[in-house]
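Peer 1: Here's a structure for you.
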Amino acid sequence: MRIYFDYNATTPLLPAVVDAMSTAERELFGNASSVHYFGQQAKAAIDTARSSISTLLNADPSEVVFTGGGTESDNFAIRGAAEALEPMKRRHLIASAIEHEAVINTLKALAKRGWTTTILPVDQSGIVSPDQLRDAITDSTAIVSVMHANNEIGTIQPIAELAAIAHERGALMHTDAVQSVGKLPVNVRSLGVDLLSLSAHKFNGPKGVGALWIKRGTRLQTMQTGGKHERGRRAGTENVAGIVGMGVAATLASGKLSAEAARVGELRNRLEDGILRTVSGTAINGARLSRVPNTTNISFDRIEAESLLIALDLEGVAVSTGSACSSGTLEPSHVLKAMGFPPHRTQNSLRFSLGAFSTDAEVDRVIEILPRLVEKLRGLTRKPQVAVTS
Ligand SMILES: Cc1ncc(COP(=O)(O)O)c(C=O)c1O
102 MRIYFDYNAT TPLLPAVVDA MSTAERELFG NASSVHYFGQ QAKAAIDTAR SSISTLLNAD
162 PSEVVFTGGG TESDNFAIRG AAEALEPMKR RHLIASAIEH EAVINTLKAL AKRGWTTTIL
222 PVDQSGIVSP DQLRDAITDS TAIVSVMHAN NEIGTIQPIA ELAAIAHERG ALMHTDAVQS
282 VGKLPVNVRS LGVDLLSLSA HKFNGPKGVG ALWIKRGTRL QTMQTGGKHE RGRRAGTENV
342 AGIVGMGVAA TLASGKLSAE AARVGELRNR LEDGILRTVS GTAINGARLS RVPNTTNISF
402 DRIEAESLLI ALDLEGVAVS TGSACSSGTL EPSHVLKAMG FPPHRTQNSL RFSLGAFSTD
462 AEVDRVIEIL PRLVEKLRGL TRKPQVAVTS
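Going by the working numbering, the letters in the sequence shown line up with residues 102 to 491, in that order.
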């Protein structure tokens, strides 16, 4: 039995998405910019997908711009706003300390080019405080970027409140909703933002396709120059099959959002309670109440997260650590660090993220095998009682 509990990394395609994409690959090969029948067929399919996505977000279809995924959408929002507002002497950018690298590294890159940046702290439950934003924002702030739901711990941020503060000072508000779209109702109007990023592969759509929702009238510099695709907002021949797949995934998500959130939430809670009950020295990282329903991030005392991840993988269970492994160096999770956890806790935590194909039997299996694996690893790392002789 192979168990996939890493839905926040990516999700499997739903069968209807695969079907729609393969039909599109076969039949909709025209260039959507072409005037003839083949081009217009492709264009119509893109427009249908655009309207499915706008329904999911409570947006207008004309405000949805397709991109190459969440990373590009985040770059487009932040770099586009920074460049558009620079002539108005707005050269200050704000983001939270728990943003995805797509946001954090974009701010770092712009800082090297002369923009000033402020990183907002979070409290120990992983939530940004509106008061911290009020203290940090100035009349030269161009954009505030705070994610809707965090990818590692699942916490949901008070976006509407933060957006109101940004707007009081004339700044734009962006939210990276890559981890909330398809898991929670995401309504761009009630969030009150100007820009919102999403990515198809996080809600059972294909990889390499996403969208940026741009509120009508928002000043934003185009990042990709070329033809007049996407109303001149994002040049490049459209990935028709990918966009069609994203549209179908959006429609399927819209249709079962609350039922699926309740189902997955129940599974997650049972998994979490089961682990806390059967494995000693465990604790949840982040606020339990204000979270997406599919995610839990659990700290295991006296465990190295990577060792437990590998032990689980050998038993057929795929999970993730919050940490990024770059060129062989294990970096502690920047999210858990920002929450003020001590170094051992930033390296002993695992993320379990569930989704569309997760089942009760899978939860039972993980609860069954985990205590034994943890005990074994703790036994291996126990300090040996060796008498020193000289
Ligand atoms: C919160 C968040 N933002 C952005 C991204 C990047 O999205 P993509 O993989 O589509 O580039 C991810 C993906 O892990 C994410 O979790």
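By construction, the Cβ of each residue, glycine as well, lies at the ideal position given by its N, Cα and C atoms.
Going by the CB atoms, is the gap between P394 and A350 shorter than 8 angstroms?
Peer 2: For A350 and P394, no; Cβs fall outside 8 angstroms.
Peer 1: Between the segment 188–202 and the segment 384–393, are three or more C-beta pairs nearer than 8 angstroms?
Peer 2: Cβ pair count under 8 angstroms is below three, so no.
Peer 1: Can you tell me where the beta strand (DSSP E) with S197 in it begins and where it stops?
Peer 2: Element bounds for S197: H193 to S197.
Peer 1: By how many angstroms is the C-alpha of R320 removed from the C-alpha of H435?
Peer 2: Taking the straight line from one Cα to the other gives about 31 angstroms.
Peer 1: Hey, is Q280 close to ligand 1, as in C-beta under 7 angstroms from one of its heavy atoms?
Peer 2: Flag set: Cβ of Q280 near ligand 1.
Peer 1: Between which two residues does the beta strand (DSSP E) harbouring G311 extend?
Peer 2: Where G311 is concerned, the enclosing beta strand (DSSP E) stretches over G311 to I315.
Peer 1: Could you give the residue range of the alpha helix (DSSP H) that holds N206?
Peer 2: It spans E202 to K213 - the alpha helix (DSSP H) in which N206 sits, taken as one unbroken run.
Peer 1: Alpha carbon to alpha carbon, how far is Q448 from L234? Give it in angstroms, no decimals.
Peer 2: If you take the alpha carbons of L234 and Q448, they lie about 29 angstroms apart.
Peer 1: Out of curiosity, what's the CA-to-CA distance linking R65 and T396?
Peer 2: For the chain, the structure presents residues 102 to 491; residue 65 sits outside this window and is missing.
Peer 1: Is L409 helix, strand or coil by DSSP?
Peer 2: In the structure shown, L409 sits in a helix (DSSP, three-state: H, G or I).
Peer 1: Starting from the Cα of R127, find the closest Cα among V341, A457 and S408 and give me that residue.
Peer 2: Here the closest residue by C-alpha is V341.
Peer 1: My output table needs one value for M492: the three-state DSSP class, helix, strand or coil.
Peer 2: Nothing can be reported for residue 492, as the shown portion of the chain is limited to 102 through 491.
Peer 1: Should M102 be labelled buried (16 or more other beta-carbon atoms within 10 Å of its own) or exposed?
Peer 2: With fewer than 16 Cβ atoms within 10 Å of its Cβ, M102 is classed as exposed.
Peer 1: I want to know whether the segment 238–258 touches the segment 116–134 - three or more CB-CB distances under 8 angstroms.
Peer 2: Output reads no: the segment 116–134 does not touch the segment 238–258.
Peer 1: Cβ of T256 versus every heavy atom of ligand 1: is any distance shorter than 7 angstroms?
Peer 2: T256 Cβ: outside cutoff for every heavy atom of ligand 1.
Peer 1: Residue range of the beta strand (DSSP E) that L114 falls in?
Peer 2: Here L114 belongs to no beta strand (DSSP E), and DSSP marks it neither H nor E.
Peer 1: Between which two residues does the beta strand (DSSP E) harbouring S230 extend?
Peer 2: Note, S230: premise wrong, no beta strand (DSSP E); not H, not E.
Peer 1: Tell whether a beta-carbon distance below 8 angstroms holds between P162 and S174.
Peer 2: For P162 and S174, no; Cβs fall outside 8 angstroms.
Peer 1: At a threshold of 7 angstroms, does N252 count as lining ligand 1 (C-beta to nearest heavy atom)?
Peer 2: Yes, ligand 1 has a heavy atom inside 7 angstroms of this Cβ.
Peer 1: Which runs of the beta strand (DSSP E) fall wholly inside the segment 152–183 and span at least 3 residues, in chain order?
Peer 2: Taking only runs of at least 3 residues, the beta strand (DSSP E) segments lying wholly in the segment 152–183 are 165–168.
Peer 1: Would you give the residue range spanned by the beta strand (DSSP E) that D277 belongs to?
Peer 2: Where D277 is concerned, the enclosing beta strand (DSSP E) stretches over L273 to D277.
Peer 1: Tell me the DSSP secondary structure of S427 in three-state form.
Peer 2: Legend: pLDDT at S427 = 40, less than 50; position of this residue unreliable, value from coordinates given subsequently. Looking at S427 - three-state DSSP - the assignment turns out to be strand.
Peer 1: Assign S421 to one of two classes, buried (16 or more other C-beta atoms within 10 Å of its C-beta) or exposed (fewer than that).
Peer 2: The residue is buried, with at least 16 neighbouring Cβ atoms inside 10 Å.
Peer 1: Who are I220's beta bridge partners in DSSP?
Peer 2: A196, per the DSSP bridge assignment.
Peer 1: Note down the Cα distance separating T383 from L451, rounded to an integer number of angstroms.
Peer 2: Rounded to whole angstroms, T383 to L451 spans 11 angstroms at the Cα level.
Peer 1: Determine the DSSP secondary structure at V282, reduced to helix, strand or coil.
Peer 2: Residue state, collapsed to three classes: strand.
Peer 1: Starting from Y108, follow its DSSP beta bridges and name the residues at the other end.
Peer 2: Beta-bridge pairing links Y108 to no other residue.
Peer 1: May I have a chain-ordered list of the beta strand (DSSP E) segments no shorter than 3 residues that lie completely inside the segment 440–475?
Peer 2: The segment 440–475 contains these whole beta strand (DSSP E) runs: 450–454.
Peer 1: Taking the alpha-carbon positions, what's the S281 to K303 distance?
Peer 2: Between S281 and K303, the C-alpha separation is close to 9 angstroms.
Peer 1: State the DSSP-derived secondary structure class of N252, mapped to helix, strand or coil.
Peer 2: Looking at N252 - three-state DSSP - the assignment turns out to be coil, as it is neither helix nor strand.
Peer 1: Among the candidates V165, L415 and E463, whose CA atom is the shortest distance from the CA of T375?
Peer 2: Rather than Thr, the amino acid found at residue 375 in this sequence is Gly. For the residues V165, L415 and E463, the minimum Cα distance to G375 belongs to E463.
Peer 1: Does the distance from the CB of E200 to the CB of D277 come in under 8 angstroms?
Peer 2: In contact: E200 and D277 (Cβ atoms closer than 8 angstroms).
Peer 1: How about G169 and A203: are their beta carbons less than 8 angstroms apart?
Peer 2: The answer is no: Cβ separation not under 8 angstroms.
Peer 1: Determine the extent of the alpha helix (DSSP H) in which V365 is found, giving its start and end residues.
Peer 2: Where V365 is concerned, the enclosing alpha helix (DSSP H) stretches over L358 to T379.
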